[in-house]
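Numbering (my numbering), first residue to last: 1160 to 1268.
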């Protein structure tokens, strides 16, 4: 992987263009599945957390879902800490592959 490019992805996440923002998140899907760049995944998710665009929400939710394959507990804790402000679209994507009991807990209002 290319850690020297992660700072650029964080800049992308702050773009005014929806697909550039989305790319800032989805670019990390493959390394996140392998357990890499977890702190950066959370930083990008923080940047995009309140974005209103559904494609951006789906993008960073997908990134969180990928990260949960290697770091389920950490991603679940992140979702729980942010669920009061996280859009439901992103939340649903993030917890999609988690066990039913964790999904149910995250979906509670």
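Idealized CB from N, CA, C, for every residue including glycine.
Checklist entry - What do you reckon, are the CB atoms on residue 1227 and residue 1257 nearer than 8 angstroms? => result Within the chain shown, residue 1227 is the residue found at index 68, counting from 1. Within the chain shown, residue 1257 is the residue found at index 98, counting from 1. Cβ distance < 8 angstroms, so residue 1227 and residue 1257 count as in contact.
Item to check | Residue burial classification, residue 1268 (beta-carbon count within 10 angstroms, cutoff 16) | outcome: Residue 1268 sits at position 109 when you count from the first residue of the chain shown. The residue is exposed, with fewer than 16 neighbouring Cβ atoms inside 10 Å.
Item to check | Sequence ranges, alpha helix (DSSP H) only - wholly within the stretch 1178-1211, length at least 4 | outcome: 1188-1192 and 1197-1207
Next on the checklist: Quick test of your reading: residue 1244 and residue 1208, contact by CB under 8 angstroms. State the CB separation rounded to the nearest angstrom.
Outcome noted: For the purposes of this step, residue 1244 is taken as the residue at position 85 of the chain shown. For the purposes of this step, residue 1208 is taken as the residue at position 49 of the chain shown. Confirmed, about 7 angstroms.
Next on the checklist: Going by DSSP, what residue range makes up the alpha helix (DSSP H) through residue 1247?
Outcome noted: Translated into the one-based positions of the chain shown, residue 1247 becomes position 88. 1247-1254 is the span of the alpha helix (DSSP H), which, as asked, contains residue 1247.
Checklist entry - Can you round the beta-carbon distance between residue 1194 and residue 1229 to whole angstroms, since I take them to be within the 8 angstroms contact cut? => result Against the chain shown, residue 1194 aligns to sequence position 35. Against the chain shown, residue 1229 aligns to sequence position 70. Confirmed, Cβ separation roughly 3 angstroms.
Checklist entry - Would you call residue 1175 buried or exposed, if buried means 16 or more other Cβ atoms sit within 10 Å of its Cβ? => result Sequence index remark: in the chain shown, residue 1175 carries index 16 (1-based). With fewer than 16 other Cβ atoms within 10 Å, it is exposed.
Item to check | CA nearest to the CA of residue 1200, picked from 1240, 1165 and 1178 | outcome: Residue mapping note: residue 1200 aligns to position 41 of the chain shown, counting from 1. Here the closest residue by C-alpha is 1165.
Item to check | residue 1259 - DSSP class collapsed to helix/strand/coil | outcome: Residue numbering aside, residue 1259 sits at position 100 when the chain shown is read from its first letter. It is helical.
Item to check | Beta-carbon proximity check, residue 1259 vs residue 1238, cutoff 8 angstroms | outcome: Along the chain shown, one-based indexing puts residue 1259 at 100. Along the chain shown, one-based indexing puts residue 1238 at 79. Result no, Cβ atoms of residue 1259 and residue 1238 do not sit closer than 8 angstroms.
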